[in-house]
Every structure is written in C-alpha cells, then in structure tokens.
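S.K.: Just so we're aligned: 299 in the working numbering is position 242 of the sequence shown, and the numbers increase by one with no gaps anywhere.
Mind looking over this structure? Questions follow.
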Amino acid sequence: MTELHAVTAGGERVSAVLRRERYEPGAVELLWSAARVWRLFPEIGTTGTAGMDALLRAWRAELDAESPGEDSACVVTWPSHDAEAIRAFLDHGLAPVTALATRTEPPEVVERPGVTVRQARPDDFAAVLDLALEIFDYSSLVALPRREHTEDLLAPRLRTKLEQDTGTVWVAEIGGIVAGLADCSWVDVTGEAGAAELLPPGSWGYLNNVGTAREVRGRGIGRTLAAAAHAYFHERGAAGTYLYYNPPNPLSSVFWHRRGYRPLWTIWEVRPASLLR
Ligand SMILES: CC(C)(COP(=O)(O)OP(=O)(O)OC[C@H]1O[C@@H](n2cnc3c(N)ncnc32)[C@H](O)[C@@H]1OP(=O)(O)O)[C@@H](O)C(=O)NCCC(=O)NCCS
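See the structure below:
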C-alpha cells in the first residue's frame, strides 16, 4: 500500500491509498480482473473534479516509476452518480467498464408461454457451462478481454455448485432444451470488508451470471429467469438483489435497467495500467 497526496490549484489537499494486487494463474479473479491491479481509494472530500484530477495526476506520476506489463489495470470504484468525478476519470483515460447495480422492489410476475424455468441439477452441467462460456464470449466483445483459460476457471466452480444443490442456479428451457441460465447466490453483507464496502448490511441475492443462448434472445427468457430469481430471494427475506453489469454491453445495460436495477457504484478501469493518462 502506498499513500498518495496531492494539492489542487485552489490549494485543497486530497489523498488516496494505492493498493497493488496480483492474481496468480488459476485464480478465479482472472475471469474479470487483470493479473496485476493498481487500485486507488480516493479521499477527496468535497473537492469535486479538481480534487479527483489532482489525485489522478499523482497516480500517473507514481506509475511512471513502475513497469505494470500488459496484463495489468488501474482500477477505481466510485459512486455512480458523482458526475464531477466522472469528468476527471474520463480525462485520465479511465472507462466505466463495470457497474454494481441494486434492486429492492418486490418481484414482478412474468410468465412466457413455452418458457419453463427450473432449478438447475447436476446433469445440467454441460449446458450450464456452455451458456456461461457464451456469456463470457459476449462480454469479451463489449468489456472484459477473454481469457485463454476461462473454461478451466469456470468449470470446477460450476460443477461444485450444481452438485451442492444451493437452489440458487436456474435454467430456462424452451421445448425441453436448456436455453438460459441464471447463476446466483446469497451474499451476507456484514462488518466492513468485502461487499460491506459497497452494500448496506443484510442478506442479498447476487445475480452472478445471467444469459440466454444467442439464437433465442429477445423472447422473454431473460425476463422470466430474472423474475424467478427475484421472487426466490424476496420470499426468503433478502434485503434486495444486486449484480455487476458492463455499461458498454448494449444488451445487458438496457435489460437490467428495465428490470429495475439502478447503478450504485461504477468501476472505472484502464488496461494496461500504463495507459492511465
Ligand atoms: C441480457 C440477456 C440475458 C437478456 O436475455 P433475453 O432472453 O434476450 O431477455 P428478454 O427476451 O427477456 O428481454 C430482452 C429485451 O430486449 C428486447 N429484444 C427484442 N429483440 C431482441 C433481440 N433480437 N435480442 C435481444 N433483445 C431483444 C426484448 O423485447 C426485451 O425488452 P424488454 O426489456 O422491453 O422486455 C441476453 O441478451 C444475453 O444473454 N446477453 C448476452 C450475455 C449478457 O450480456 N449477459 C448479461 C451479463 S450481466
């Protein structure tokens, strides 16, 4: 960890903690993260664009002394609605690659003739893995670079989850064929670390991976899956549901907002880290 300090043109002092993270081959984090991450935690008070800009300049100068390599990123997670900070992030080459969005409304009732949603079973493994890989393929077009080993990173976790029968993975079938996936889980938000830095305390339903097979998108499968997950978590007293989506994803960004999700945090990122301006 390094502390960064900066002063705005108007003489206001700001600071940040800079944390360096490294993920070794095989780490599940590599599904969405660069292998080496420079993560900034700004403390800018009410200094707005000027304060964030001064800190990002200090961050850039700090990186001049390092060699981040290709598989690296500068990352900062910041409240989605802070427009003044957005100006500074864009000016320094960061992109709004991911957003954390929450939904606390009661579940909607969705029934589509011909679409059946049921909890996934261990024998759905192959179909579930195919759908999960399709979601990653699509995301690689619009957000995160595809990893060579995505399948190896995903498969063991998915297999175990289906065998453990957590009840929080759903598939949608059309004509008896699995055509959609909602891989979800419970996340207990307590204390101050992990998800507690981003969400109010409580038990949350987390929609981890949701996707519909390419050929049958736009027929209500995603909607039916989302409604099933929302109903499940709501009936069991969840504080709400949350998910990460990629604002540049032309399908999911529209889809989740229509389902009642609102962005709370935006994860700004530049890869490789050396491209921070
Ligand atoms: C996002 C996604 C899961 C939505 O699933 P879906 O089964 O297509 O969803 P639905 O059919 O229920 O709803 C899609 C919406 O787009 C509209 N739509 C119309 N034609 C469409 C088409 N050809 N393709 C996609 N959406 C279409 C639908 O009318 C619907 O609008 P609505 O919200 O007003 O009802 C799906 O597009 C997908 O798998 N995308 C790729 C992977 C991905 O981005 N996953 C999410 C990661 S966070």
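Note that beta-carbon positions come from the ideal geometry of N, C-alpha and C, so glycine has one too.
For clarity, every value in this text was computed on a predicted model and none was experimentally measured.
For aspartate 240 and asparagine 266, what's the separation of their Cα atoms in angstroms?
M.R.: If you number the sequence shown from 1, residue 240 lands on position 183. If you number the sequence shown from 1, residue 266 lands on position 209. Answer to the nearest angstrom: the Cα atoms are 5 angstroms apart.
S.K.: Three or more C-beta pairs closer than 8 angstroms, one from the stretch 164-179 and one from the stretch 129-144: is that the case here?
M.R.: At 8 angstroms Cβ cutoff, the stretches do not touch.
S.K.: Quick one: give me the first and last residue of the alpha helix (DSSP H) that isoleucine 324 is part of.
M.R.: By 1-based counting over the sequence shown, the position of residue 324 is 267. From DSSP, isoleucine 324 is part of no alpha helix (DSSP H) but of the beta strand (DSSP E) over 319-327.
S.K.: Alanine 357 and glycine 237 look like a contact to me (Cβ under 8 angstroms); what is the Cβ gap, rounded to whole Å?
M.R.: Residue 357 lies beyond the stretch modelled for the chain, which goes from 58 to 334, so this question has no answer here.
S.K.: What runs of the beta strand (DSSP E), each 3 residues or longer, lie entirely inside the stretch 246-315?
M.R.: 259-269 and 297-302, all fully within the stretch 246-315.
S.K.: Run through the DSSP bridge pairs and tell me what serine 72 is partnered with.
M.R.: Within the sequence shown, numbered from 1, the residue matching residue 72 stands at position 15. DSSP lists His62 and Glu100 as partners of serine 72.
S.K.: In whole angstroms, give me the CA-to-CA distance for leucine 282 and leucine 210.
M.R.: The residue you call residue 282 lines up with position 225 of the sequence shown. The residue you call residue 210 lines up with position 153 of the sequence shown. Those two C-alpha atoms are separated by around 24 angstroms.
S.K.: Would you kindly work out how many angstroms separate the C-alpha atoms of leucine 97 and threonine 134, rounded to a whole number?
M.R.: On the sequence shown, residue 97 is found 40 positions in, with the first residue counted as 1. On the sequence shown, residue 134 is found 77 positions in, with the first residue counted as 1. Cα-Cα distance, rounded: 8 angstroms.
S.K.: Which same chain residues end up closer than 7 angstroms to glycine 259 when comparing Cβ atoms and leaving out the 5 residues on each side of it in sequence?
M.R.: As a first step, residue 259 is located in the sequence shown; it is residue number 202 there, counting from the start. Once the five neighbours on either side are set aside, the close Cβ partners of glycine 259 are Val246 and Ala296.
S.K.: For the stretch 146-204, which segments carrying the alpha helix (DSSP H) assignment without a break, of at least 4 residues, lie completely within its bounds, in sequence order?
M.R.: Segments of the alpha helix (DSSP H) lying fully in the stretch 146-204: 182-199.
S.K.: Pull up the distance between the alpha-carbon of glycine 108 and that of glutamine 176, whole angstroms please.
M.R.: In the sequence shown, the residue the question calls residue 108 occupies position 51. In the sequence shown, the residue the question calls residue 176 occupies position 119. Distance between the alpha carbons of glycine 108 and glutamine 176: 49 angstroms.
S.K.: CA-CA distance, valine 244 and lysine 218?
M.R.: For the purposes of this step, residue 244 is taken as the residue at position 187 of the sequence shown. For the purposes of this step, residue 218 is taken as the residue at position 161 of the sequence shown. For valine 244 and lysine 218, the distance between alpha carbons rounds to 15 angstroms.
S.K.: CA-CA distance, glutamine 221 and valine 94?
M.R.: The residue labelled residue 221 in the question sits at position 164 within the sequence shown. The residue labelled residue 94 in the question sits at position 37 within the sequence shown. One C-alpha to the other measures close to 32 angstroms.
S.K.: Which residues does DSSP list as the beta-bridge partners of aspartate 240?
M.R.: Looking up residue 240 in the sequence shown gives position 183. Val226 and Asn266, per the DSSP bridge assignment.
S.K.: Looking only at DSSP bridge pairs, what is serine 129 linked to?
M.R.: Counting from one through the sequence shown, the residue named residue 129 turns up at place 72. According to DSSP, serine 129 bridges with Arg93.
S.K.: So does tryptophan 261 have its beta carbon nearer than 8 angstroms to some heavy atom of ligand 1?
M.R.: Taking the sequence shown and counting its residues from 1, one reaches residue 261 at position 204. Incorrect: tryptophan 261 has no Cβ contact closer than 8 angstroms to ligand 1.
S.K.: For ligand 1, is there a heavy atom less than 8 angstroms away from the beta-carbon of glutamate 191?
M.R.: Within the sequence shown, residue 191 is the residue found at index 134, counting from 1. Correct: glutamate 191 has its Cβ closer than 8 angstroms to ligand 1.
S.K.: Going straight from the alpha carbon of threonine 104 to that of glutamate 69, what length do you get?
M.R.: Here the question's residue 104 lines up with position 47 in the sequence shown. Here the question's residue 69 lines up with position 12 in the sequence shown. Taking the straight line joining both Cα atoms gives about 7 angstroms.
S.K.: Any chance the CB of leucine 256 is under 8 angstroms from a heavy atom of ligand 1?
M.R.: In the sequence shown, residue 256 corresponds to position 199, counting from 1. Checking every heavy atom of ligand 1 against the Cβ of leucine 256, none is found closer than 8 angstroms.
S.K.: Is the distance from the Cβ of leucine 201 to the Cβ of valine 154 below 9 angstroms?
M.R.: Locating residue 201 in the sequence shown gives position 144, where the first residue counts as 1. Locating residue 154 in the sequence shown gives position 97, where the first residue counts as 1. Cβ atoms of leucine 201 and valine 154: closer than 9 angstroms.
S.K.: Would a C-beta distance cut-off of 9 angstroms place histidine 149 and arginine 334 closer than the cut-off?
M.R.: Counting from one through the sequence shown, the residue named residue 149 turns up at place 92. Counting from one through the sequence shown, the residue named residue 334 turns up at place 277. Yes; because the gap between Cβ atoms is below 9 angstroms, this pair is in contact.
S.K.: Helix, strand or coil: how does DSSP classify arginine 334 here?
M.R.: Walking along the sequence shown from the start, residue 334 turns up at place 277. Three-state DSSP puts arginine 334 in coil, outside helix and strand.
S.K.: Hey, is arginine 160 close to ligand 1, as in C-beta under 8 angstroms from one of its heavy atoms?
M.R.: The count along the sequence shown starts at 1 and reaches residue 160 at position 103. No, Cβ of arginine 160 sits at least 8 angstroms from all heavy atoms of ligand 1.
S.K.: Find the nearest neighbour of tyrosine 302 within the set Phe290, Trp322, Ala285 and Ala288, judged by alpha-carbon distance.
M.R.: Your numbering for residue 302 matches position 245 in the sequence shown. Comparing Cα positions, the closest option is Trp322.
S.K.: With respect to 8 angstroms, is the separation between the Cβ of glycine 108 and the closest non-hydrogen atom of ligand 1 below this value?
M.R.: Walking along the sequence shown from the start, residue 108 turns up at place 51. Checking the Cβ of glycine 108 against ligand 1 gives no.
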